[in-house]
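What follows is one structure encoded as structure tokens, with my remarks underneath.
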Amino acid sequence: MAVSWHFLHDPRVQFILCLPVMAIGIIHFGKSAYHSTRVGAPNMDVLIFLGSFSAFVYSIWGSVVFEGLPEQKNYLFFETAATIITLVLLGNLIEKRAVTRTTTAIEELNKLQPAKVKKVVHNLLTNHTEIQTTELKNIKVGDVIEATTGDSIAVDGTVINGDGEIDESAITGESMPVFKDKDKPVVSGTVVNHGKIHYKATAVGSDTLLAKITQAVKDAQTHKPPIQKFSDKVSLVFVPVVLGLALLTFLLSYFAFGVDATGSLLRSIAVLVISCPCAMGLATPTAVMVGLGRAAQNQILIKGAGTIEELGKVKTVVFDKTGTLTTGRFRIKNFTTYNYADFVAKSVIYSLETVSNHPIAKSIVEDYKDWNWRKMEFMKVEEIKGKGIMAEDATGIVYRLGSRDFVDDNTGEIKHDADIFLSYNKMVVASFDIEDQVRPEAKTVIDFLNSKGIRTLMLSGDNEKKCSFVAERLGLKEFYHSQLPEDKLSKLKELSQQGKLAMVGDGINDAPALTQADIGITLSNATDAARQSANIVLIGNQLDKLVAAYHIGTKTYSTIKQNLLWALAYNVVAIPLAAMGYLSPMLGALSMAFSDVVVIGNSLRLKWRKIG
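Using the numbering used here, you'd call the opening residue of the sequence shown number -18 and step up by one each time.
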């Protein structure tokens, strides 16, 4: 049995079906139109509201005045009013699919602090110290806290007893653990890799460095300026011009050309309907939607519609060093022996490092594992935190591997400096430097960005020597070393005054900078805080995906401009035709739909355009 849809032609049915859509449109667009007009900067919502509302009111008028007459159908534009609102709301939904990231990033930062701490207290009855577990919030300045291997430093403080190696990479960006003993400062959020310390609290609560980083993330998110899209700029001129043309069309038609009131009204409504900025409203979100899909195909996660548009405007790219331009894995360089067989020296080093728990030792073992070194057996092994490792073999020979002072150089012949020395019964027999391996694809990325006229530089918490080495290898002319999170933020604020800025980083210490920049970019193996703060995540831990992301961004940006150019050109041609009475509101709606199809079709071309 066939279903008849004839009832849909009934004006009352059309009115009832259109009414909920219009109610949403009036609430959503009417409020925006009112406020934007009130401040003297009418936006696109003014035309959306007036165009759809005029078509709706005109349809009501036509259904009442021509009730029961054949020509009534020529005055019904309920579907036009509903279509205008539906299309633009759909565009807004696509455009505003932003990802909330600040809350999660801040939660990740707060996880660095332990919920409970081991407070050291003096028992007056026994005259001994005891350890009491207490809530972090109960700690005050001057309290003494114990931290052992694996513990997080709860508050900022100063070591008063014990020693240990502290991993500060999450806060300062320093790639190597830092040895801390008496009178050395410790920072909240860092982790004791090895050792046991008692430290006195010097800053608690909001005064700690970690709390300041957390607040910096909040501030950077709050003060991040909104993206000013092309359509918003155009609307400042386009909206009042169209309103003026609609009014002028009615006045000229009625008073100058003798058109009756109904015809004049039809022409002015046609101007509003045909110039309703659906194509202009869809110009950005449709291109962005396709661009986001293309990015996902290339394993590039882009959060938020505005990010991909902003990619095409970037003037400066700032890189963190450790884990971003480098792999985070250490290896030996500048290996030198002094009257000692190279092979033997490396065998000793390999053997010593296999019994060490130090992160650098693990990297050296990994670097040497394929060389089938003869592993030596030691009778006694002792690892001195922050200094090195000492071992004695069966013949009584004592080997030391560590800093220059630790190996007890008695020769006076070693003139150059190095990171690590090896001694044989207190005689230095070898030395070498440790480098964090530069990503093999990093130079290609830097060269590409420079070829596009984009300024590149490096901000790092590491020392000058290590930063200088990486910068030289990659051809970076600008770098800043020993940068704390607040230093990075200050520098980014300065750079942002010179154009759109992108920041590439991977650590928790980079979270405020990633949020502060116009575009924050990170790798998929980065910390959770970095991934949540970043606008773009390069899946697969491959920095060269940044090149593909740039191409997608620039092509999306050019597509947006093409779409807007078409939308404007269409209005330049269509509005005069409507004003002269050659296009009815119905033909205007059809023309508007055609304009939308052109914009969407042009955006879809992004799916097949070559990247690179």
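Glycine residues also receive a C-beta, built at the ideal position from the N, C-alpha and C atoms.
Candidates the options: closest to residue i by CA position
i, options, result
"R381", "R355, K356, N516, A411", "A411"
"Y56", "G562, L117, V46, T503", "V46"
"R586", "R248, R275, S17", "R275"
"D487", "V518, I341, L457", "V518"
"D162", "I141, A182, E149, S150", "I141"
"D188", "I427, E453, S169, E459", "S169"
"Y405", "T305, M561, I378", "I378"
"W547", "L403, E445, M261", "M261"
"T537", "S44, L50, V269", "V269"
"Q278", "I520, L306, L476, D468", "I520"
"F402", "Y319, Y551, G176", "Y319"
"T183", "V122, F316, I541", "V122"
"K526", "S245, S505, I541, T540", "S505"
"Q(-5)", "T61, G6, E52", "T61"
"I427", "L473, T64, K302", "K302"
"T67", "L93, L(-2), L476", "L(-2)"
"K314", "Q418, R355, Y321", "Q418"
C-beta contact flag for residue i and residue j at 9 Å
i, j, result
"T425", "T297", "no"
"K165", "T139", "yes"
"H462", "G480", "no"
"A530", "L292", "yes"
"V185", "D137", "yes"
"V485", "T503", "yes"
"V172", "I134", "yes"
"G562", "V240", "yes"
"D348", "M360", "no"
"N544", "V578", "no"
"T230", "S249", "yes"
6 Å Cβ shell around residue i - same chain, five flanking residues per side excluded
i, result
"D400", "D414, I415"
"S572", "I255, A555"
"A559", "A251, V252, I255, G569"
"I29", "F10, V69"
"A201", "Caution applies to A201, whose pLDDT of 45 falls short of 50 and renders its modelled position unreliable; the value that the coordinates give is listed next. For A201, where only same-chain residues beyond five positions count, the Cβ hits under 6 Å are P493, T496, Q497."
"E334", "A342, I345, V346"
"A507", "D487"
"E459", "L438"
"K181", "V125, G138, T139, I141"
Residue i versus residue j: straight-line alpha-carbon distance, rounded
i, j, result
"V271", "Y15", "32 Å"
"I592", "L455", "24 Å"
"S471", "H103", "43 Å"
"N338", "Q478", "46 Å"
"H179", "S514", "34 Å"
"K12", "I120", "50 Å"
"L247", "P557", "14 Å"
"M3", "V27", "14 Å"
"M408", "Q464", "37 Å"
"R310", "R512", "21 Å"
"N174", "K350", "24 Å"
"L31", "I41", "15 Å"
"E445", "F300", "15 Å"
"A36", "V20", "26 Å"
"T267", "G49", "42 Å"
"V38", "R(-7)", "13 Å"
"S33", "I7", "9 Å"
"K54", "G43", "8 Å"
"I5", "H(-10)", "23 Å"
"F450", "L306", "12 Å"
"A192", "I147", "19 Å"
Cβ neighbours of residue i in the same chain (closer than 8 Å, five flanking residues each side left out)
i, result
"P221", "P23"
"I435", "V295, K296, T297, V298"
"T18", "V27"
Nonlocal neighbours in the same chain, by C-beta distance under 7 Å from residue i, ignoring five residues either side
i, result
"T114", "K97, K99"
"L273", "I283, I289"
"G534", "I289, L292, G293"
"L190", "D137, I152, V168, S169"
"Y551", "A260, S576"
"S584", "T267, A268, V271, T540, N544"
Any C-beta of chain C under 9 Å from that of residue i
i, result
"L519", "The structure shown contains no chain C; it is built from a single protein chain."
Inter-residue CB distance, residue i and residue j (contact presumed, cutoff 8 Å)
i, j, result
"V362", "V336", "5 Å"
"L282", "E422", "With 8 Å as the limit, L282 and E422 do not qualify as a contact, their Cβ atoms being about 19 Å apart."
"R420", "T308", "6 Å"
"M357", "V388", "Not a contact, Cβ separation roughly 17 Å."
"L682", "K469", "The requested residue 682 does not occur in the structure, where the chain is confined to residues -18 to 593."
"K366", "G501", "K366 to G501, Cβ: 36 Å. No contact."
"F159", "E127", "The sequence as given places Val at residue 159; Phe does not occur at that position. That pair is no contact at about 19 Å."
Any non-hydrogen atom of the ligand NAD within 8 Å of residue i CB
i, result
"L527", "What this structure holds is no ligand at all, so the ligand NAD is not there to describe."
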